[in-house]
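These notes are about the structure you will find just below.
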Amino acid sequence: MPLDKFIPLTSAIGEYTEDFIIDYEREGLYICVETKYADEIFKIINSNLSGSIDIVFVKEFEKDFTTIVAAFSEMVFFEFNGDELGGGNN
Numbered sequence: 303m304p305l306d307k308f309i310p311l312t313s314a315i316g317e318y319t320e321d322f323i324i325d326y327e328r329e330g331l332y333i334c335v336e337t338k339y340a341d342e343i344f345k346i347i348n349s350n351l352s353g354s355i356d357i358v359f360v361k362e363f364e365k366d367f368t369t370i371v372a373a374f375s376e377m378v379f380f381e382f383n384g385d386e387l388g389g390g391n392n
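Residue 303 is where the sequence shown starts when you use this note's numbering, and the numbers rise one by one after that.
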């Protein structure tokens, strides 16, 4: 995966926290931010700086710190017919 896919997000998020991890294999971003800045992080993610990225998890594990997980959306298409699934028109 090209690094530049994350650069717009990480530079914007870096203004609010340095505590984030990029997971290139899963195309995700793990962010820990002070809860008072969580709305700003949501705005950055929802601004589509890098395309279609979705927030998939939000939780406050520690007091005053919110963990956010965001991942790039991916559509997978499969082509098959009923015979391949053991079905058919019998």
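Glycine included, each C-beta is placed from N, C-alpha and C at the ideal position.
List the whole-angstrom C-beta distance separating residue i from residue j, where the pair is believed to meet the contact cut-off of C-beta under 8 angstroms.
{"i": "A372", "j": "D356", "result": "6 angstroms"}
Given that a residue counts as buried once 16 or more other Cβ atoms are within 10 Å of its Cβ, and exposed if not, what is residue i?
{"i": "T337", "result": "exposed"}
{"i": "F322", "result": "buried"}
{"i": "M303", "result": "Unreliable placement is indicated for M303, whose pLDDT of 46 sits below 50; the coordinate value is still reported in the next sentence. M303 is exposed by the Cβ-count criterion."}
Nearest by alpha-carbon distance to residue i: which of the options is it?
{"i": "D325", "options": "V335, E381, F308", "result": "F308"}
{"i": "F359", "options": "T319, L331, E342", "result": "L331"}
{"i": "E376", "options": "I343, E317, S354", "result": "S354"}
Using beta-carbon positions only, say whether residue i and residue j come within less than 7 angstroms of one another.
{"i": "I346", "j": "A314", "result": "yes"}
{"i": "T312", "j": "V335", "result": "no"}
{"i": "E329", "j": "F374", "result": "yes"}
Taking only beta-carbon atoms, is residue i less than 7 angstroms away from chain B?
{"i": "E336", "result": "Absence of chain B from the displayed structure is noted, only one protein chain being present."}
Ignoring anything shorter than 3 residues or poking outside the segment 313-365, list the beta strand (DSSP E) runs there in chain order. 322-325, 330-336, 355-364
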